Amino acid sequence: TKTVSKCYVQVTGMTCASCVANIERNLRREDGIHSILVALMAGKAEVRYNPAVIHPSAIAELIRELGFGATVMENCGEGDGILELVVRGMTCASCVHKIESTLMKTNGVLYCSVALATNKADIKYDPEIIGPRDIIQAIKDLGFTTSLVKKDRSSSHLDHKQEIRQWKRSFVVSLVFCIPVMGLMIYMMVMDSQLSDAHAHHNMSSEEMEALHSSMFLEYQLLPGLSVMNFLSFLLCIPVQMFGGWHFYIQAYRALKHRTANMDVLIVLATSVAFVYSCVILLVAMAEKAKVNPVTFFDTPPMLFVFISLGRWLEHVAKGKTSEALARLISLQATEATVVTLGPDNVLLSEEQFDVELVQRGDIVKVIPGGKFPVDGRVIEGHSMVDESLITGEAMPVTKKPGNTVIAGSINQNGSLLISATHVGADTTLSQIVKLVEEAQTSKAPIQQFADKLSGYFVPCIVAVSVVTLFAWIIIGFVDFEIVEKYFLGYNQSVSAAEVIIRFAFQASITVLCIACPCSLGLA
Numbered sequence: 012t013k014t015v016s017k018c019y020v021q022v023t024g025m026t027c028a029s030c031v032a033n034i035e036r037n038l039r040r041e042d043g044i045h046s047i048l049v050a051l052m053a054g055k056a057e058v059r060y061n062p063a064v065i066h067p068s069a070i071a072e073l074i075r076e077l078g079f080g081a082t083v084m085e086n087c088g089e090g091d092g093i094l095e096l097v098v099r100g101m102t103c104a105s106c107v108h109k110i111e112s113t114l115m116k117t118n119g120v121l122y123c124s125v126a127l128a129t130n131k132a133d134i135k136y137d138p139e140i141i142g143p144r145d146i147i148q149a150i151k152d153l154g155f156t157t158s159l160v161k162k163d164r165s166s167s168h169l170d171h172k173q174e175i176r177q178w179k180r181s182f183v184v185s186l187v188f189c190i191p192v193m194g195l196m197i198y199m200m201v202m203d204s205q206l207s208d209a210h211a212h213h214n215m216s217s218e219e220m221e222a223l224h225s226s227m228f229l230e231y232q233l234l235p236g237l238s239v240m241n242f243l244s245f246l247l248c249i250p251v252q253m254f255g256g257w258h259f260y261i262q263a264y265r266a267l268k269h270r271t272a273n274m275d276v277l278i279v280l281a282t283s284v285a286f287v288y289s290c291v292i293l294l295v296a297m298a299e300k301a302k303v304n305p306v307t308f309f310d311t312p313p314m315l316f317v318f319i320s321l322g323r324w325l326e327h328v329a330k331g332k333t334s335e336a337l338a339r340l341i342s343l344q345a346t347e348a349t350v351v352t353l354g355p356d357n358v359l360l361s362e363e364q365f366d367v368e369l370v371q372r373g374d375i376v377k378v379i380p381g382g383k384f385p386v387d388g389r390v391i392e393g394h395s396m397v398d399e400s401l402i403t404g405e406a407m408p409v410t411k412k413p414g415n416t417v418i419a420g421s422i423n424q425n426g427s428l429l430i431s432a433t434h435v436g437a438d439t440t441l442s443q444i445v446k447l448v449e450e451a452q453t454s455k456a457p458i459q460q461f462a463d464k465l466s467g468y469f470v471p472c473i474v475a476v477s478v479v480t481l482f483a484w485i486i487i488g489f490v491d492f493e494i495v496e497k498y499f500l501g502y503n504q505s506v507s508a509a510e511v512i513i514r515f516a517f518q519a520s521i522t523v524l525c526i527a528c529p530c531s532l533g534l535a
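Quick note: the sequence shown uses the numbering used here, first residue 12, plus one each step.
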């Protein structure tokens, strides 16, 4: 007997079914190759060969000569079939042992594990030798009833509706409160510039300036130290911090729990520090009954949250679009297949309905007019037109005659066909497309991974820099107070020097935090 080995080759550069046919046709002619099966979407060729005559590297070389990229895949567990079954009627450990030992003795079963508590069996098998129906039959022969674990065909895990709703809500809340805050800010800027112009032209004394300043409505103090501007900003900031930032807080908490720092941590850090600092400064000013209104950062949180929640919302909307497409794809899969037994001269002996998951490689499947192809295969008998628009986008039906390949999910139009299954289960073109789209959804774009990785270093660095700023200014202040005095606005003699220094140092370090946080990385 000739020994037959199996290898998998990763093939790149295939664009359509004729590429597949080209590779299969040419390799079948070579010595030492028994059979070859190429899956277009997976970009994978499964080759059975005689190791005495030819090596996998030579097979890859043959494919390369045809103009495709080819590399031999090392981990060959890829081609094993995996079967999950529910087994009823087991009473004790000896039942489990009986099933496991019988299956392990069966040719083609590679691994078997049965759990009594959950009534579940996990089986790995070689689809070349044995199929799911044979395994189920073997368990039934032992006197147990068994059925497939029902897979959730719906794509509920790809549903982004909830996230879309949540980020939209977060964005709207932030926006509603952000607009007035920005309005106040712009108004203040305009008034300030007018004031400085007036000051430049009329050489007013600083007392007159102060008087003019406090005559502005927004600078009017409701309580000593609490201006209308700051009070309004505070009121507008609270709901944003509570409702707009809610999801950021949850995610930042989770990240910190796992000792990592991501964008959410930075956002939360900057907004919380800005908010808390502003509140504290206001309380201090009120306690001191300060004449000059303190500089607060209430405008930072709403604006940050607006930009970032808008970004997240758009991201989920885009993902949702892909998911809809995917859900439609999944719904194209047939659920049942009619497997027939053929006698000599292709005479139909019997036919039986099976779940698609139970169709084995090499089965003969009958597809009636109007039916969907349950698996990828080759036509053995019959002529028909087939609508393959789901895969190819081609509106015109394609003629199929014996020897042509058919794609799972496409629709048979006018003639009845008998096909031999070549790719079943997770290997069909449709399943591969679904898998590709799912992987694209769950994996991050490389640039996104890079940003996350950077923010892992970025967060601690920025926090460190702001702490350094804090201490640096405290030291500078105590060494040479005049520098601080020059930069600290509204310094009046009533406040002690130490307090001024510390206040200024905090202001500087918080500015660092607020500016660094969102800027490039977050928004990008």
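C-beta: ideal position from N, C-alpha, C; glycine also.
Remember, predicted model here, so these are calculated numbers, not experimental data.
On the CB-based measure, 16 or more other CB atoms within 10 Å of its CB, does Leu534 come out buried or exposed?
On the sequence shown, residue 534 is found 523 positions in, with the first residue counted as 1. Annotation note: pLDDT 47 at Leu534 (below 50); position unreliable, coordinate value reported separately. Answer is exposed; the Cβ neighbour count stays below 16.
According to DSSP, is Asp374 helix, strand or coil?
The residue labelled residue 374 in the question sits at position 363 within the sequence shown. Asp374 falls in the coil class under three-state DSSP.
Going by DSSP, what residue range makes up the beta strand (DSSP E) through Lys135?
Counting from 1 along the sequence shown, the entry for residue 135 is found at position 124. Here the beta strand (DSSP E) through Lys135 covers 131-136.
Boundaries of the alpha helix (DSSP H) in which Leu337 is found, first to last residue:
Residue mapping note: residue 337 aligns to position 326 of the sequence shown, counting from 1. Leu337 -> alpha helix (DSSP H) spans 311-342.
Measuring CA to CA, which of Trp257, Leu267, Pro305 is closest to Thr282?
Along the sequence shown, read from residue 1 onward, the residue named residue 282 stands at position 271. Of Trp257, Leu267, Pro305, the residue nearest in Cα terms is Trp257.
Nearest residue (CA-CA) to Ala132, options Thr156, Pro138, Glu139, Asn118:
As a position in the sequence shown, residue 132 is number 121, starting the count at 1. Among Thr156, Pro138, Glu139, Asn118, the Cα nearest to that of Ala132 is on Thr156.
Helix, strand or coil for Ser421 per DSSP?
As a position in the sequence shown, residue 421 is number 410, starting the count at 1. Coil at Ser421, not helix or strand.
With 16 other Cβ atoms within 10 Å as the buried cut-off, status of Glu72
Counted from its first residue, the sequence shown places residue 72 at position 61. Its Cβ having fewer than 16 others within 10 Å, Glu72 is exposed.
Since Glu368 and Thr349 are thought to touch, with beta carbons under 8 Å apart, how far apart are those beta carbons, to the nearest angstrom?
Within the sequence shown, residue 368 is the residue found at index 357, counting from 1. Within the sequence shown, residue 349 is the residue found at index 338, counting from 1. Rounded, the Cβ-Cβ distance is 15 Å, inconsistent with contact.
Own chain, CB closer than 6 Å to Asp374, minus 5 neighbours either side, in chain order
To locate residue 374, count along the sequence shown from 1; it is residue 363. Excluding residues within five positions, the ones whose Cβ falls inside 6 Å are Val350, Ala432.
With 16 other CB atoms within 10 Å as the buried threshold, where does Gly24 fall?
Taking the sequence shown and counting its residues from 1, the one referred to as residue 24 is at position 13. Classification for Gly24: exposed.
Can you pull the DSSP bridge partners for His434?
The count along the sequence shown starts at 1 and reaches residue 434 at position 423. Asp387.
With distances taken from CA atoms, which of Ala329, Ile422, Lys412 is nearest Ile402?
Within the sequence shown, residue 402 is the residue found at index 391, counting from 1. The candidate whose alpha carbon is nearest that of Ile402 is Ile422.
According to DSSP, what are the bridge partners of Phe365?
The residue you call residue 365 lines up with position 354 of the sequence shown. According to DSSP, Phe365 bridges with Ala348.
Candidates Gly393, Arg389, Ala69: which alpha carbon is nearest Asn415's?
In the sequence shown, residue 415 corresponds to position 404, counting from 1. Checked all of Gly393, Arg389, Ala69; the closest Cα to Asn415 is Arg389.
Please report the Cβ distance between Val370 and Pro385, rounded to the nearest whole angstrom; I am assuming they are in contact, meaning their Cβ atoms lie under 8 Å.
The residue you call residue 370 lines up with position 359 of the sequence shown. The residue you call residue 385 lines up with position 374 of the sequence shown. Indeed, because the Cβ distance is near 6 Å, the residues count as touching under 8 Å.
From Gly393, Lys330, Leu293, pick the residue whose C-alpha is nearest to that of Glu174; which is it?
By 1-based counting over the sequence shown, the position of residue 174 is 163. Ranking Gly393, Lys330, Leu293 by Cα distance to Glu174 puts Lys330 first.
Buried or exposed for Met52, please, with buried defined as at least 16 other CB atoms from any protein chain shown within 10 angstroms of its CB.
Start at 1 with the first residue of the sequence shown, and residue 52 comes out as number 41. The residue is buried, with at least 16 neighbouring Cβ atoms inside 10 Å.
What are the partner residues of Ser238, as DSSP defines its beta bridges?
Here residue 238 corresponds to residue number 227 of the sequence shown, with the count starting at 1. DSSP lists Gln232 as partners of Ser238.
According to DSSP, what are the bridge partners of Ile47?
Residue numbering aside, residue 47 sits at position 36 when the sequence shown is read from its first letter. Answer is Val58, bridged to Ile47.
Cβ contact (3+ pairs, closer than 8 Å) linking the region 177-189 and the region 197-207
no
Any idea which residues DSSP pairs Gln21 with across the strands?
Mapped onto the sequence shown, residue 21 falls at position 10. Answer is Lys55, Thr82, bridged to Gln21.
Using the C-alpha atoms, what's the distance from Val97 back to Leu153?
Counted from its first residue, the sequence shown places residue 153 at position 142. Counted from its first residue, the sequence shown places residue 97 at position 86. Those two C-alpha atoms are separated by around 15 Å.
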